[in-house]
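Asker: Below is a structure I'd like to ask you about.
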Amino acid sequence: MTLFGALGFSAPWLLLGLFALPILWLILRAVPPAPIRRLFPGVILLRGLKDDEQVSDRTPWWLLLLRMLAVAAVIVALAGPVLNPRNESEAAGTAPLMVLMDASWASAADWRARQEAIEALLTRAGRDNRPVAMVRLTDPEEPRFQAADVWRSRLPGILPEPWEPQAAQTARLMSVLPDSAFDTYWLSDGLARDTRAGLLEALENRGRVTVFESPRSLYAIEPARFSDGNVALSLRRLRPGPETEVSVVAQGLDPAGNPATLARVPVTFAADAVTGETELSLPAELRARVTRFEVEGQRSAGAVTLPDDSLRRREVALIAGNENREGLELLSPLYYLTRALEPNADLLDGVLLDILPANPDVIILADVATLGPAEEQATMEWVEKGGMLLRFAGPRLAASDVSRDSEDPLMPVRLRAGGRTVGGAMSWGEPKSLAAFSPESPFFGLDIPPDVTVTAQVMAQPDPNLADRVVAQLDDGTPLVTRKRIGQGQVVLFHVTANAEWSALPLSGLFVQMLERLAVSSTPTQPEAADLEGTVWQPEVVLDAFGSPRDAGNLPGVDGALLAGDPLGPDLRPGLYQGEDRSLARNVVTSETELTAVNWPDRIVVEGLSRPQETPLAGWLLALAIAMLLADVIASLALSGRLRGARPATALIAALMFASLYPHTLQAQGSASSDAFAIAATAEVTLAHVITGDAQLDDLAHAGLVGLSETLFFRTSVEPSDPMGVNLETDELAFFPLLYWPVTPSQPTPSDAAYAKLNTYLRSGGMILFDTRDADVASFGTSSVNGRKLQQLAAPLDIPPLEPIPADHVLTRTFYLLQDFPGRYDARDVWVEAAPPDAELIDGMPFRNLNDNVTPVVIGGNDWAAAWAMDERGNPLAPVGRGFSGERQREIAYRFGVNLVMHVLTGNYKSDQVHVPALLDRLGQ
Amino acid sequence: MKSALALRQTAEEEAARLPALLARAEKLAGTVLLGEHGRRRAGLGDDFWQYRPLQQGDSLRSIDWRRSARSDGQFVREHEWQIAQSVIVWLDQGASMRFASSKDLPTKADRARLLTLAASILLVRGGERVGLTGWTLPPRRGNEQILRLAEAFTTDSTEDYAEPEARGMLPHARAMFISDFLADLAPVEAALTKAADRGVRGVLLQVLDPTEEAFPFHGRTIFESVGKSMAHETLKADDMRGRYLARLAERKARLEQLCRVTGWQYNCHHTNTSAQSALLWVYRAMDGGHG
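Sequences listed follow chains A and B, in order.
Going by the UniProt record's numbering, 867 is the number at position 867 of the first sequence; the sequence numbering is gapless.
Going by the UniProt record's numbering, 119 is the number at position 119 of the second sequence; the sequence numbering is gapless.
Here it is as structure tokens:
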């Protein structure tokens, strides 16, 4: 095997054959092409001319070049070229080998490929008898050098962890590294870390370091945020690349409780951008059911984000005792609650009984003393099922007897009458401030601002169970907030008002934090460590490195401060943590996580996981040579002018190739006949006749329209194309200005759909010329077979009142001036739409002012088609009258046809009174 | 080969695009075969000719009421039939005409027949008589004659290069010679001289294929005439081009000069240009020419 860069040859000496090419060039040049025989009448002018020189034209240089290239391709192909031949010498060595894996979430996406790479490495190490140690940086142990086969059996059990290696772990690994020399094979996850440089130095001191990195792009998703009613998702990728689109899937439970895909949204990374964002609009009910968002097709914990309560906006119903609409807004009992809750809860407004069926998470009763029995019972049921009733005291509650003698079911404690006032103008003492929260209180850990004071409150009766129910108290020990659990729900009473009347509490940030702790509202941002001080959170669902959810099992609870601030590790796994009243998610990737590609020093060999395949090129080169020889054949034929005969064959071959490449284009053309009909009918003005089913009659009608079309073509600027027969059931009628409908007793009555089409056609300006073809035997009033059939046919049609064509109808003057309308027969009974009854004849005008529509039907029996009918040579097909007067009648019949078509196409143009003077002049009046 | 009917149909379509042609009545007396100088009979015309009594078969509407009111009988108004001329046509039917360089082009014969017949139809429409040179088809008028002409035009001649038929020329008629004029020019010259002697003037339309004008050939080639009676081999066709084109130009110049001398008009038409333009030229030349 001889190597030229990435190209190797198995028989390189054959390449010497390339030197023979110039000789071949000279030989080919000397052979003249065969003569071409051409027909050419001008040969007579060539007689006697002699060629100037007796040397024929040489083969053109490009054809020679083509042949040379073909021969060269054959020679090179026989030399056995191979692209990217395996080089066995690399990654060899005899020193012990340490396989160091980052084994973080970022390497989980292509873990299988990494395993294969390790497996290949182990096989080679086993062949070379090198001891191997395998170390995961996320969970470092002391390297133990063992035989490769031992490790190979353990390989499937070595898995990545869902966190990133931290400084402590790296330091631990460095402390346990053996001092003897070994080579290192580092499977990096591609993310830059500060700890890498030190470790790399330590490893390089002990031997050669080879780094393997995946060229695949790594995708990560930040925690979903709630913005403007939508879920904002933002994605990152490790390396900027071309424009890419990935899908984010919202997984959750369907209403039946089964895991399902709730939504899917594409996210586009612009070219060279490393972040991509999108917004997902989900209804609140659906949003509450989402359990995870994941980047589709990425098996890594970084591509999964778990939403916690921050996405779950609670529904809070606000009900006040006295809605004083005319009072000052700041005095409204709900003002501060609304301001505190609006940013991160959905507020409901309404009457209690209307709200309860909506099953809100929280109902707040601000200074509501008594509830009706029905209300009380419904509220009780709701609380028992897990609702939270939050009550605020106020003047009404203080004045009422609620929970005075015995404890009201919807009150946590009994109340003393009247309450108390401290620090006011008429009382002793200072306003009271809050005492520190006890460790059992849900508010434990919150800072109490010194300016929160209470001047009035309702007092709890000192019952035996009072101490259990107090969750906040004043510094003199009187309860401020009491709580009672009922079933799965609870009732909480603030012993002060919800506005600033009795205390400064609603004015402080503490009020909002207390509402958050009570899970009345959810926190919009990730909580600070201080916020969670003193709480313990139980892991519910944890993620493994591949992003799959695992049951937390008996993992220990996590301190709130650690949960908020600590980096992920073996003690703090990514997942969903359940607190007292809400859940909190720790995701692998947060908005602070930095994704940066590692910048390895130049001296380190970095290899991708996938190496280029060994590709033999001989077959391709031989195929290329054959293709070039084929091209040579065609080019030679073309040069000698013999391609003409072969053209159909080449066209056929090209068509076959095209058909095999694009089979669907041929199929698509199968259903284009209706388009062809439409194009044929609309390319030019086209007259049409209704197909009656009587072949002879249809042929005559067609010939008649051919004759009329010819007449129009020669005499007017209307240049119709060939007339068409129209099947009322299947064909579209809208394309035709005029339908000729010969009536025969045997023709079928059209279907309802066809009548609907006909009526649309008539209403939209079409015209039907009904021809009963029996004017020789029947005149109007006498019934004939055809006449009865016509009545039957036309009954469902939307035809206006008719009248015999009046002498001043516009049909008499649209092109020719006519007085009667003969066809083969010359009856006067031609019926058109009746003129409006108010049409007036103005003195001195020859016709009435009839500016109405085009008549939708013309009905007669003069067998016009027979009079118009002509064959291809222009000879009439049917006899009309006798002798010269017959020809005259045929001429008038043509003129009637011309007038009819002109009437359809120009409407009442000629009825316009503007033309009266010219018409008068021509009429000689 | 198109059938006579199809040929007529296309020619009719071609002719329908132009107004009827009235060839100039130059030498009135000489062309009228039957001595009907003055055309004193009723017919197609604009001028009043006579009133005649109403006959059976006349439409009542054709009665001229103003004239009839002056007497007891009913009268019909008639117009004068105007004078017609004779046009004789020679169309080259030789094998050299049956050549087209590409599938997309008509053969020269096709194009020449179409033009000739279209011109004939125009002339007949205008009331002229049209016939062939020689004795086969003397000039007549009417639709029947067009069909006869179409039939005559569709017969192929076997000879490679046809010579013009100059016999049977009516004195002071108009003539129309349509050919590729690639054959020997002596018979053409003789025919034109003879025509000029008899006061016959007309048009000479040369129909050529674009390759005959361009000679776009290369390399070793054997050229053959359509009838295979003539062949010429060359090793380098490109070198021939200059000399061939010179000969063609010389031939055209010779034809043009002949026409100038005899009072004819000459034009060269290529089959890749529109037939309409050629017909227009013929129409102009026949209608408004110097003859």
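Idealized CB from N, CA, C, for every residue including glycine.
Note that the structure is predicted; figures quoted are calculated from it, not measured.
1) Would you give the residue range spanned by the beta strand (DSSP E) that residue 938 of chain A belongs to?
2) Mind listing which residues of the stretch 224 to 251 of chain B have their C-beta closer than 8 angstroms to chain A's C-betas, in chain order?
3) Can you list the residues of chain B that A:Ser-885 reaches, using a CB-CB cut of under 9 angstroms?
4) I'd like to know if the stretch 139 to 158 of chain A and the stretch 215 to 226 of chain A are in contact, where contact means that at least 3 CB-CB pairs between them fall below 8 angstroms.
5) Along the chain, which unbroken stretches of the alpha helix (DSSP H) at least 4 residues long are found entirely within the stretch 168 to 205 of chain A?
6) From A:Arg-813 to A:Gly-787, what does the alpha carbon distance come to, in whole angstroms?
7) Between A:Gln-578, A:Ala-20, A:Val-605, which has its C-alpha nearest A:Val-211's C-alpha?
8) Within the same chain, show all residues whose beta-carbon is closer than 8 angstroms to that of B:Trp-65, passing over the 5 residues directly before and after it, in chain order.
9) To be precise: take each residue of the stretch 693 to 726 of chain A, compare its Cβ to all Cβ atoms of chain B, and keep it if any distance is under 7 angstroms. Which residues remain?
10) Less than 8 angstroms between the CB atoms is what I'm expecting for A:Leu-474 and A:Lys-432, so what's the real figure, rounded?
11) Grouping DSSP H, G and I as helix and E and B as strand, with all else coil, what is A:Gln-490?
12) Which residue comes first and which comes last in the alpha helix (DSSP H) that contains A:Phe-443?
13) So B:Gly-131 and B:Ile-178 are in contact, right, with Cβ under 8 angstroms, and what is the actual spacing, rounded?
14) According to DSSP, B:His-232 sits in a beta bridge with which residue or residues?
15) Assign A:Trp-741 to one of two classes, buried (16 or more other C-beta atoms within 10 Å of its C-beta) or exposed (fewer than that).
16) Could you check if B:Ser-155 is buried or exposed, using at least 16 other CB atoms within 10 Å of its CB as the buried criterion?
17) Regarding A:Arg-517 and the ligand PLP, is the C-beta to nearest heavy atom distance less than 6 angstroms?
18) Does DSSP put A:Asp-771 in a helix, in a strand, or in coil?
19) Please check if any C-beta of chain A sits within less than 7 angstroms of the C-beta of B:Glu-163.
20) On a CA-only basis, which of A:Gln-377, A:Leu-356, A:Gln-461, A:Pro-12 is nearest A:Ala-398? Give me that one, please.
21) What did DSSP end up calling residue 928 of chain A once you bin it into helix, strand or coil?
22) Find the residues of chain B that neighbour A:Arg-38, judging by a C-beta separation of less than 8 angstroms, and give them in chain order.
23) Run through chain B and tell me which residues come within less than 8 angstroms of A:Leu-64, C-beta to C-beta.
24) Consider the Cβ of B:Phe-99: report whether some Cβ of chain A lies at a distance smaller than 7 angstroms.
25) Count the other CB atoms within 10 Å of the CB of B:Arg-17; is the residue buried (16 or more) or exposed (fewer)?
26) Specify the secondary structure class of A:Tyr-219 as computed by DSSP and reduced to three states.
27) Are A:Met-101 and A:Leu-187 close, meaning C-beta to C-beta below 7 angstroms?
28) Please identify, using Cβ separations under 8 angstroms, the residues of the stretch 808 to 828 of chain A that lie next to chain B, in order along the chain.
29) Does the beta carbon of B:Leu-91 sit closer than 7 angstroms to a beta carbon anywhere in chain A?
30) Are any of the Cβ atoms in chain A nearer than 7 angstroms to that of B:Leu-115?
31) Indicate whether at least one CB of chain A lies closer than 7 angstroms to the CB of B:Arg-96.
32) Drop a sphere of 10 angstroms on the beta-carbon of A:Asp-752, count the other beta-carbons inside from all chains shown, and report buried for 16 or more, exposed for fewer.
33) Would you decide whether A:His-915 is buried or exposed? Buried here means 16 or more other CB atoms lie within 10 Å of its CB.
34) How far does the alpha helix (DSSP H) with A:Glu-516 in it reach, from first residue to last?
35) Using CA coordinates, which residue listed in A:Val-71, A:Ala-197, A:Arg-848, A:Glu-803 is at the minimum distance from A:Arg-828?
36) For the stretch 406 to 415 of chain A against the stretch 482 to 495 of chain A, are there 3 or more C-beta pairs whose distance is under 8 angstroms?
Answerer: From the atom records:
1) In the structure displayed, chain A extends from 1 to 925; residue 938 of chain A sits before or after that span and is not available.
2) Glu-224, Ser-225, Val-226, Met-230, Ala-231, His-232, Glu-233, Thr-234, Leu-235, Lys-236, Asp-238, Asp-239, Met-240, Arg-243, Tyr-244, Arg-247, Leu-248, Arg-251
3) Locating residue 885 of chain A in the first sequence gives position 885, counting from the first residue. The answer, in chain order, is Gly-57, Asp-58, Ser-59.
4) Cβ pair count under 8 angstroms is below three, so no.
5) 196 to 204
6) Position 813 of the first sequence, counting from 1, holds the residue named residue 813 of chain A. Position 787 of the first sequence, counting from 1, holds the residue named residue 787 of chain A. Their Cα atoms are separated by approximately 28 angstroms.
7) Within the first sequence, numbered from 1, the residue matching residue 211 of chain A stands at position 211. Of the candidates A:Gln-578, A:Ala-20, A:Val-605, the one whose C-alpha sits nearest the C-alpha of A:Val-211 is A:Val-605.
8) In the second sequence, counting from the first residue as 1, residue 65 of chain B sits at position 65. Excluding residues within five positions, none has a Cβ falling inside 8 angstroms.
9) Residues passing the 7 angstroms Cβ filter: Phe-714.
10) The count along the first sequence starts at 1 and reaches residue 474 of chain A at position 474. The count along the first sequence starts at 1 and reaches residue 432 of chain A at position 432. Right, the Cβ-Cβ distance comes to about 4 angstroms (below 8 angstroms), so this counts as a contact.
11) By one-based count along the first sequence, residue 490 of chain A stands at place 490. Here A:Gln-490 sits in strand by DSSP.
12) For the purposes of this step, residue 443 of chain A is identified with residue 443 of the first sequence, where counting begins at 1. For A:Phe-443, there is no enclosing alpha helix (DSSP H), since its DSSP letter is neither H nor E.
13) Stepping through the second sequence from its first residue, residue 131 of chain B is reached at position 131. Stepping through the second sequence from its first residue, residue 178 of chain B is reached at position 178. Cβ-Cβ separation between B:Gly-131 and B:Ile-178: approximately 15 angstroms, too far for a contact (criterion under 8 angstroms).
14) Reading the second sequence from its first residue, position 232 is the one you call residue 232 of chain B. In DSSP, B:His-232 forms a bridge with B:Phe-223.
15) Here residue 741 of chain A refers to the residue found at position 741 of the first sequence. Its Cβ being crowded by 16 or more others within 10 Å, A:Trp-741 is buried.
16) Position 155 of the second sequence, counted from the first residue, corresponds to residue 155 of chain B. Here residue 155 of chain B turns out to be Thr, not Ser, going by the sequence shown. Under this definition B:Thr-155 is an exposed residue.
17) In the structure on display, the ligand PLP does not appear, and there are no ligands present to speak of.
18) Your numbering for residue 771 of chain A matches position 771 in the first sequence. It is a strand residue.
19) As a working mapping, residue 163 of chain B is identified with position 163 in the second sequence. Not closer than 7 angstroms to any Cβ of chain A, the Cβ of B:Glu-163 fails to qualify, so no.
20) Here residue 398 of chain A refers to the residue found at position 398 of the first sequence. Closest option to A:Ala-398, Cα to Cα, is A:Gln-461.
21) Nothing about residue 928 of chain A can be reported from this structure: the residues present for chain A run from 1 to 925 only.
22) Against the first sequence, residue 38 of chain A aligns to sequence position 38. Those are Phe-217, Thr-221, Ile-222, Phe-223, Glu-224, listed as they occur along chain B.
23) The residue given as residue 64 of chain A occupies position 64 in the first sequence. Correct list: empty, because the minimum Cβ distance to chain B is about 15 angstroms.
24) Working through the second sequence from its first residue, we reach residue 99 of chain B at position 99. Judged by the 7 angstroms Cβ criterion, B:Phe-99 is in contact with chain A.
25) The residue given as residue 17 of chain B occupies position 17 in the second sequence. Low per-residue confidence applies at B:Arg-17: pLDDT is 46, beneath 50, and the placement is therefore not dependable, though the value from the model is reported in the following sentence. Under this definition B:Arg-17 is an exposed residue.
26) Taking the first sequence and counting its residues from 1, one reaches residue 219 of chain A at position 219. Of the three classes helix, strand and coil, the one that applies to A:Tyr-219 here is strand, per DSSP.
27) To locate residue 101 of chain A, count along the first sequence from 1; it is residue 101. To locate residue 187 of chain A, count along the first sequence from 1; it is residue 187. Yes, Cβ-Cβ distance for A:Met-101 and A:Leu-187 is below 7 angstroms.
28) The stretch 808 to 828 of chain A vs chain B, Cβ under 8 angstroms: nothing.
29) Walking along the second sequence from the start, residue 91 of chain B turns up at place 91. With 7 angstroms as the cut-off, B:Leu-91 does not count as an interface residue toward chain A.
30) By 1-based counting over the second sequence, the position of residue 115 of chain B is 115. So no, B:Leu-115 is outside the interface.
31) The count along the second sequence starts at 1 and reaches residue 96 of chain B at position 96. What sits at residue 96 of chain B in the sequence shown is Ser, not Arg. True, the Cβ-Cβ gap to chain A drops below 7 angstroms.
32) Taking the first sequence and counting its residues from 1, the one referred to as residue 752 of chain A is at position 752. Label assigned to A:Asp-752: exposed.
33) Residue mapping note: residue 915 of chain A aligns to position 915 of the first sequence, counting from 1. Counting Cβ neighbours within 10 Å, A:His-915 comes out exposed, since fewer than 16 surround it.
34) Counting from one through the first sequence, the residue named residue 516 of chain A turns up at place 516. Run containing A:Glu-516: 509 to 517, per the alpha helix (DSSP H) assignment.
35) Reading the first sequence from its first residue, position 828 is the one you call residue 828 of chain A. Among A:Val-71, A:Ala-197, A:Arg-848, A:Glu-803, the Cα nearest to that of A:Arg-828 belongs to A:Glu-803.
36) Contact holds: three or more Cβ-Cβ distances are below 8 angstroms.
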